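Quick note: to get the UniProt record's numbering, add 29 to the position in the sequence shown (first position is 1). Heads up: the structure comes next, in structure tokens.
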Amino acid sequence: GAVVLEAEGLTKHFPVRRKGRAGLTGPRRAVQAVDDVSLTLRRGRVTALVGESGSGKSTVARLLAQLYPRTDGDIRLHGETVNVRGGKAFRAYCRQVQMIFQDPFASLNPVHTVRYHLTRALKIHGRAGDDLEQALHDLLLRVQMTPPERYIDKFPHELSGGQRQRVAIARALGADPEALLADEPVSMLDVSIRLGVLNLLRDLKERLHLAILYITHDIASARYFADETMVMYAGRMVEGGDSETITQNPAHPYTRLLIDSAPDPDRLAGGSAELDPGEVPAERGAGEPPSLIDPPSGCRFHPRCPVAMERCKTDLPPRFEVDDAPGHWAACWLYDGAAR
Ligand code: ATP
Ligand code: SF4
Ligand code: MG
């Protein structure tokens, strides 16, 4: 698929101030939440962004959604950088890149009906057209809420979590986007309905050729659902490639830890169609993620890495190609061809 959205060197540091004893502010420090992240979203492809809590996944999504400014780096939609916040190009960007949040309870306004939410989305983006009723029905059909009349005048509290998430997706589709950023879209839903929502997203990818970023804790669901997978650790990308390769043949020691700590490795190796992503809990690997205020020098994973070498403590590993599959790379000194 053609490149829709690209990030290069994306960096976000959140300033933190420490109060001194007399209420004076201490030295300026920052949470280095996202550091030098590059990724590409393609038309008709799902890219998973996997990592444990606090690794910076949501910050990447919020940066891509332009919810706050980046500290550094570049974001390009169809090759064009959008720099001026609030300008015409910025508004076009915000229409074309839509976000779906983890919590469908919080993202819908409880005092408004489905009709209100969807009408508003269509109007904001100038897509209400001549036949608003038809446009509303089409949106609900697209997220498989049938018959639409059953849902259109319901309030959020009259819907299940899964139905609410479908309404949130329909609202995003109201903008006629090219990219969807789905931040843990099923993690707050009942296990039994997660697969239905993921299958809906896959259906949208195929029918509308959307470029989808799928953020998850759960590397097993990435294999089931994503074409490509990128693994994030402590604010940095550590490995990327096609999902099959990343889950079957992980190269980076952190990715291996993630997969080894999934409860039942046979499920990862087994038939993906039967896999219920909801059954695989969050990563439970040994050790704690590091502080992002004062992250480890060199490779940020070195304090937890079972095969760390001396240079890992001081030298930041760049991306190295892993030669088992095209496009597979790992930011790890083990793959430094020059050293072998
Ligand atoms: P989770 O899986 O729990 O959702 P995540 O991978 O989405 O985690 P982020 O929410 O992106 O992680 O947070 C990355 C880091 O940035 C964390 O250390 C978090 O505390 C910090 N952080 C996020 N937002 C802010 C903010 N607005 N101000 C200060 N620090 C922040
Ligand atoms: Fe481990 Fe070194 Fe590779 Fe980092 S660079 S993952 S510390 S071997
Ligand atoms: Mg998050």
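Every residue gets a Cβ at the ideal spot worked out from N, C-alpha and C, and that includes glycine. All of these numbers come straight from a predicted model, not from anything done at the bench.
Which residue marks the beginning of the alpha helix (DSSP H) containing residue i, and which one marks its end?
i, result
"D167", "L161 to R171"
"L92", "K86 to L93"
"V220", "V220 to L237"
"R195", "G190 to L202"
"Y262", "Taken as a continuous stretch (DSSP letters only), Y262 belongs to no alpha helix (DSSP H), being part of the beta strand (DSSP E) at E257 to Y262."
"residue 420", "Residue 420 is absent from the structure shown; the chain starts at 30 and stops at 369."
"A118", "K117 to Q125"
Helix or strand or just coil, what does DSSP make of residue i?
i, result
"R46", "coil"
"R149", "helix"
"T276", "helix"
"T100", "coil"
"E109", "strand"
"T343", "coil"
"K183", "coil"
"L321", "coil"
"T35", "Position check: residue 35 holds Glu in this sequence, whereas Thr was assumed. Here E35 sits in strand by DSSP."
"V143", "helix"
"F349", "strand"
"G30", "coil"
Please return the same chain residues whose Cβ sits closer than 6 Å to the Cβ of residue i, not counting the five positions on each side in sequence.
i, result
"R124", "H154 and A204"
"H42", "A59, Q61 and T100"
"D132", "M217"
"E308", "Any reading at E308 must be qualified, since the residue scores a pLDDT of 41, below 50, and its modelled position is unreliable; no value is offered."
"M128", "A94 and L210"
"C334", "P282"
"P279", "R285 and I288"
"E317", "none"
Taking 7 Å as the threshold (C-beta atoms), are residue j and residue i in contact?
i, j, result
"R200", "A150", "yes"
"D65", "T88", "no"
"R91", "V32", "no"
"E268", "T284", "yes"
"E35", "G102", "no"
"P185", "P214", "no"
"D212", "F130", "yes"
"I244", "K86", "yes"
"P324", "P332", "no"
"A367", "A255", "no"
"K234", "G30", "no"
"R329", "A263", "yes"
"V336", "V79", "no"
Might you give, ordered along the chain, the residues of its own chain that have their beta carbon closer than 8 Å to the beta carbon of residue i, omitting 5 neighbours on each side?
i, result
"A311", "With a pLDDT of only 40 at A311, under the threshold of 50, the placement of this residue in the model should not be trusted; the figure read from the coordinates follows. Taken in chain order, the residues that qualify are E81, S82, H246 and D247."
"L229", "V172, Q173, R195 and I198"
"Y180", "V143, L169, M174, L188, Q192 and V196"
"G190", "P133, F134, M217, L218, D219 and I222"
How far does the beta strand (DSSP E) with residue i in it extend, from its first residue to its last?
i, result
"Q131", "Where Q131 is concerned, there is no enclosing beta strand (DSSP E), given that its DSSP letter is neither H nor E."
"V267", "R265 to D271"
"Y253", "It is not in any beta strand (DSSP E) - Y253 instead sits in the alpha helix (DSSP H) that spans I248 to F254."
"T284", "That residue, T284, is in no beta strand (DSSP E); its alpha helix (DSSP H) goes P282 to D289."
"A59", "R58 to R71"
"D212", "A208 to D212"
"A157", "That residue, A157, is in no beta strand (DSSP E); it is neither H nor E in DSSP."
"V77", "Note that residue 77 is Ala in the sequence shown here, rather than Val. Segment V75 to V79, the beta strand (DSSP E) holding A77."
"A360", "Counting along the chain, A360 falls outside any beta strand (DSSP E), and DSSP gives it neither H nor E."
"T175", "Segment: none, T175 is in no beta strand (DSSP E) and carries neither H nor E."
"L137", "That residue, L137, is in no beta strand (DSSP E); it is neither H nor E in DSSP."
"A240", "A240 to T245"
Between residue i and the rest of its own chain, which residues show a CB-CB distance below 7 Å, the 5 nearest in sequence each way excluded?
i, result
"M338", "W362"
"D271", "D256, E257, A354 and G356"
"P347", "A360"
"Q277", "none"
"V351", "A280, H357, W358, A359 and Y364"
Output yes if chain B places a C-beta closer than 7 Å to the C-beta of residue i; else output no.
i, result
"T258", "Absence of chain B from the displayed structure is noted, only one protein chain being present."
Legend entry - Below 5 Å from a heavy atom of the ligand ATP - residues by beta-carbon: Here the residues come out as F43, V60, A62, S82, G83, S84, G85, K86, S87, T88 and L321.
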